[in-house]
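Chemist: Protein chains in written order, with this note's numbering: chain D, -10 to 254; chain V, 11 to 269. Ideal Cβ positions, reconstructed from N, Cα and C, are used throughout, including at glycine. Because the structure is a prediction, the values reported are computed rather than measured.
(1) Return yes when the Cβ of residue 105 (chain D) is within less than 8 angstroms of the Cβ of residue 40 (chain D), no when it is not.
(2) Check for me: the alpha helix (DSSP H) holding residue -8 (chain D) runs from which residue to which?
(3) Under 8 angstroms: do the stretch 112 to 120 of chain V and the stretch 67 to 82 of chain V share three or more Cβ pairs, one atom per stretch?
(4) Is any beta-carbon of chain D found at less than 8 angstroms from that of residue 75 (chain V)?
(5) Are the beta-carbon atoms belonging to residue 169 (chain V) and residue 104 (chain V) less than 8 angstroms from one another?
(6) Among residues of its own chain, excluding the 5 on either side of residue 28 (chain D), which ones have a beta-carbon nearer than 6 angstroms to its beta-carbon?
(7) What first and last residue would you give for the alpha helix (DSSP H) that runs through residue 58 (chain V)?
(8) To the nearest angstrom, how far is the alpha carbon of residue 162 (chain D) from that of residue 87 (chain D)?
(9) How close, in whole Å, do the beta carbons of residue 69 (chain D) and residue 18 (chain D) come, if the pair is a contact with beta carbons under 8 angstroms?
(10) Do residue 127 (chain V) and residue 55 (chain V) come within 8 angstroms of each other at the CB atom, strictly closer than that value?
(11) Using a beta-carbon distance below 8 angstroms, is residue 105 (chain D) in contact with chain V?
(12) Could you work out which residues of chain V lie near residue 145 (chain D), taking near to mean beta carbons separated by less than 9 angstroms?
(13) Only counting runs of 3 or more residues, tell me where the beta strand (DSSP E) segments fall wholly within the stretch 107 to 194 of chain V, in order along the chain.
(14) Out of curiosity, what's the CA-to-CA distance linking residue 271 (chain V) and residue 141 (chain D)?
(15) Leaving out five residues before and five after residue 192 (chain V) in sequence, what residues of the same chain have Cβ atoms less than 7 angstroms from its Cβ?
(16) Relative to the alpha-carbon of residue 199 (chain D), which residue among D:150, D:209 and D:231 has its alpha-carbon at the smallest distance?
(17) Can a CB atom of chain V be found closer than 8 angstroms to the CB of residue 50 (chain D)?
(18) Report the rounded CA-to-CA distance for residue 218 (chain D) versus residue 65 (chain D), giving the unit in angstroms.
(19) What would DSSP say about residue 24 (chain D), mapped onto helix, strand or coil?
(20) If I measure Cβ to Cβ from residue 58 (chain D) and keep anything under 7 angstroms in the same chain, skipping five residues before and after, which residues do I get?
(21) What residues from the stretch 0 to 17 of chain D come within 7 angstroms of chain V, judged by C-beta to C-beta, listed N to C?
(22) In chain order, what residues of the same chain lie with their CB nearer than 6 angstroms to the CB of residue 178 (chain D), ignoring the 5 residues before and after it?
(23) Quick one: Cα of residue 20 (chain V) to Cα of residue 251 (chain D), how far?
(24) Please confirm whether residue 102 (chain D) has its beta-carbon closer than 8 angstroms to some beta-carbon of chain V.
(25) Could you tell me whether any Cβ in chain D is nearer than 8 angstroms to the Cβ of residue 188 (chain V)?
(26) Can you give me the start and stop residues for the alpha helix (DSSP H) that residue 20 (chain V) sits inside?
(27) Please list, in chain order, the chain V residues whose beta carbon lies closer than 7 angstroms to that of residue 112 (chain D).
(28) Cα-Cα, which of D:56, D:247, D:119 and D:201 is closest to residue 233 (chain D)?
(29) With burial defined as no fewer than 16 other Cβ atoms inside 10 Å of the residue's Cβ, what is the status of residue 178 (chain V): buried or exposed?
(30) Any residues in the stretch 127 to 156 of chain D with a beta carbon nearer than 7 angstroms to a beta carbon of chain V? Which ones, in chain order?
(31) List the endpoints of the continuous alpha helix (DSSP H) containing residue 90 (chain V).
(32) In chain D, which residues lie less than 7 angstroms from residue 225 (chain V) when you measure between Cβ atoms?
(33) Let me see if you follow: with CB-CB separation under 8 angstroms, is residue 178 (chain V) close to chain D or not?
(34) On a Cα-Cα basis, can you pick out the residue from V:62, V:43, V:173 and V:185 that is closest to residue 121 (chain V)?
(35) How about the stretch 212 to 231 of chain D and the stretch 126 to 137 of chain D: do they share at least three Cβ pairs that are nearer than 8 angstroms?
In structure tokens form, the structure reads like this:
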């Protein structure tokens, strides 16, 4: 448990994206604790999301709460299952030097951070859930929070990729040397700003970053639609509890429709 | 008591424990004490609109409790995400200072409000409409949050000079805090208390969502009776936000681009 939190803390602080560590491979990213902690974070947010079914229904629907708590982590990992093979195949095809396990570790960190941001927004979701009865509003609020968390996760992924490139494009240096270099750099740069970590060089558009960028778009699209397939997460108050709803329309049409409902109700 | 007023004086002038380069220990507790005490005081004054009849005296208590409650509850709800976002942005080492800066902003709002309390009471004596009372309080809150930018500058300035990312995070904080705070203010109504209505901690019909009301208003699907009060709220809130942003831009200067 404490080990999980330590891993989470290191991921959040950006230690996993340290170019010095990435230069030696991705072994410092431990899969098991990170997966465990991201499932836990997903459950936390899922519970806050499922509160709506308790606050709006009489009798309160605890099944929906449990379902939401399971569905949020499931959403992220099922999306990963769907999109990971294509990421690996294309990156290998385009000559990226990462093995399947390395690739997995590399994308696990942004996902953990994504879920951590989401879970930290949970109390706000809970507050709005308890004070709001409007279903369209809750839906849009959740879409917004998922988007914000996703964008932060994406930024982390891009930062990791560019430090990976910086690490690979440079001959491996020992730690003391790097520290010296950093000191020299900060001494000159102190007048402007003090940058604690040596920043990676210019972000080159290499095969890795291009593949990952395309993959991020795919991940986001599949994720949005996965959310639609796994719905209901919040549960429309006038419909009975169902584990899954029938196949109908898609995520993006529904977001527009919800906006219309919120304005026109 | 003497120590309390000394603390207020030090806080306003940024001296002693409150100096921006003073050690951080002990500052947070004082900030919270100031926030709660001054918030209670202004809230109680705010609740005097409906009169000081003995059967309405608990309105003072309710209004008094609500002001610090509004600020602190909003603060606590926003804190986890602000902490995580700060960490992801690589600014965890500064978080102790950041925390004191944002708490100090809220304490400053209540201290300024407490200073404005006599003016509010005076206004109550000379106004006849509940609406005027509401608008005047909105104005007071606007002035207080605008003045609190002095404190934002004092404590956030050094942080921004250290890393310009703090500026973006400060904006994120303002956005998040306003987003939650508006809804919190909406839920906690009434702050002043309508004179004819019975005293209640929550208004029975007040539960609901400020943004949904805004959306309805935009779509024009609100009954005419509600429109006026809702517009009033909207004008008050958006004016507050605008004032806040304008003063913020004035107070915190943009960093010069490095040569």
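Modeler: This is what the structure holds:
(1) no
(2) -9 to 1
(3) yes
(4) no
(5) yes
(6) 62
(7) From DSSP, residue 58 (chain V) is part of no alpha helix (DSSP H); its letter is neither H nor E.
(8) With a pLDDT of 49 at residue 162 (chain D), under the threshold of 50, the predicted position of this residue should be treated as unreliable, though the coordinate-derived value follows. Roughly 20 angstroms between the two C-alpha positions.
(9) That belief does not hold up - the Cβ atoms of residue 69 (chain D) and residue 18 (chain D) are roughly 15 angstroms apart, past 8 angstroms.
(10) yes
(11) yes
(12) 98
(13) none
(14) Not covered by the structure: residue 271 (chain V). The range shown for chain V is 11 to 269.
(15) 220 and 247
(16) D:150
(17) no
(18) 13 angstroms
(19) helix
(20) 32, 35, 36 and 39
(21) 1, 2 and 3
(22) A caution first: residue 178 (chain D) carries a pLDDT of 46, below 50, which makes its placement in the model unreliable, though a value can still be read off. So no residue of the chain qualifies.
(23) 48 angstroms
(24) yes
(25) no
(26) 12 to 23
(27) 87 and 90
(28) D:56
(29) exposed
(30) 141 and 145
(31) 67 to 98
(32) 251 and 252
(33) no
(34) V:43
(35) yes
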